[in-house]
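Colleague: The following block contains the structure, expressed as structure tokens.
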Amino acid sequence: MSLMFGKARTCSTADRGPAECNLVLLGVLGCGKSALTVKFLTKRFISEYDPHLEDIYSSEEIVDQQPVTVRVMDTCDQEGPMNSERYLSWANAFLVVYSIDNMESFKGCQLYLQTLALHNKTFRPQTPIILLGNKLDMDRYRQVSQCDGEALASRFGCLFFEVSACLDFPSVQHVFYEAVRRARRG
Ligand code: GDP
Ligand code: MG
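This is how it looks when you write it as structure tokens:
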């Protein structure tokens with residue numbers, strides 16, 4: 002799918018047709034962005050996914066009794082948030098992902114959060130951000146405490162969740178739906 006979509010309308014009402022919401026997943030290679038995207042779209046965990054694939058997927062969802070076309074950009078940055086133009090203005094909400102068993106991935110999040118904070122300072126309306134610790138099933142190898150996650154999220158005014166792409170589907174769906182809710186609140 003091409004990257005030609007414009008920024009979605011987020012506050013459509015019935016007379017303006019179905020609502021749309023563009024979500025962007027960010028984070029270092031290997032934190033589980035693609036696994037989370039596939040889980041949300043298919044309810045399945047796919048353990049091996051082309052690590053260099055970046056794409057946009059579309060799904061018709063019902064969030065709080067309202068139909069909404071959710072588009073998910075599963076990004077693949079080789080060098081952190083360098084070429085961020087392609088998603089900064091497109092996004093209605095960001096999910097910044099790290100892996101709880103990898104401190105480097107958590108540090109990597111901070112760069113993304115700084116880039117997004119700068120963007121939000123300059124442009125209105127603010128684009129909501131969710132900080133998301135993935136691989137909760139790897140709790141015994143945890144390197145990033147829940148407190149660390151919460152502290153970083155509150156520093157940047159984000160919501161915070163921990164999930165696993167290979168455990169239950171409802172928790173993952175909840176995070177994506179929460180992103181849609183925040184985006185539509187504007
Ligand atoms: P991406 O580079 O951020 O898109 O990361 P991927 O989705 O390709 O995942 C990188 C690796 O982590 C793959 O081997 C996945 O199977 C694995 N992975 C992703 N999510 C989870 C998770 O929640 N738990 C565990 N144990 N492994 C995961
Ligand atoms: Mg990927």
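Residue numbers (the numbering used here): 2 to 187. Each residue gets a CB set at the ideal place from its N, CA and C atoms; glycine is no exception.
Can you name the residues that DSSP bridges to glycine 148?
Modeller: Before going on, a small fix: residue 148 reads as cysteine here, not glycine. Cysteine 148 pairs with nothing; no bridge assigned.
Colleague: Report buried or exposed for phenylalanine 124, applying the criterion of at least 16 other Cβ atoms within 10 angstroms of its Cβ.
Modeller: Under this definition phenylalanine 124 is an exposed residue.
Colleague: Please report the residue range of the alpha helix (DSSP H) in which proline 68 lies.
Modeller: Note, proline 68: premise wrong, no alpha helix (DSSP H); beta strand (DSSP E) at 67 to 75.
Colleague: Is it true that the stretch 67 to 82 meets the stretch 149 to 158, where meeting means three or more beta-carbon pairs spaced less than 8 Å apart?
Modeller: Touching, no.
Colleague: With DSSP as the reference, label phenylalanine 1 as helix, strand or coil.
Modeller: This structure does not reach residue 1, given that the chain is present from 2 up to 187, and the question cannot be answered.
Colleague: What does the alpha-carbon distance come out to for the pair valine 145 and valine 164?
Modeller: Straight-line Cα distance between these residues: approximately 13 Å.
Colleague: Label proline 82 either buried or exposed according to how many other C-beta atoms from any shown protein chain fall within 10 Å of its C-beta, with 16 as the threshold for buried.
Modeller: Buried is the call here.
Colleague: Could you give the uninterrupted runs of the beta strand (DSSP E) lying entirely in the stretch 161 to 187, keeping only those of 3 residues or more?
Modeller: Taking only runs of at least 3 residues, no beta strand (DSSP E) segment lies wholly in the stretch 161 to 187.
Colleague: If you draw a straight line from the C-alpha of glutamine 79 to the C-alpha of glycine 109, how long is it?
Modeller: Going by the C-alpha atoms only, they are around 12 Å apart.
Colleague: What residues are listed by DSSP as bridge partners for aspartate 78?
Modeller: The partner list for aspartate 78 (beta bridge, DSSP) is empty, contrary to what the question assumes.
Colleague: Under the assumption that alanine 20 contacts arginine 185 (Cβ atoms under 8 Å), give the Cβ distance between them as a whole number of angstroms.
Modeller: 6 Å between Cβ atoms; contact.
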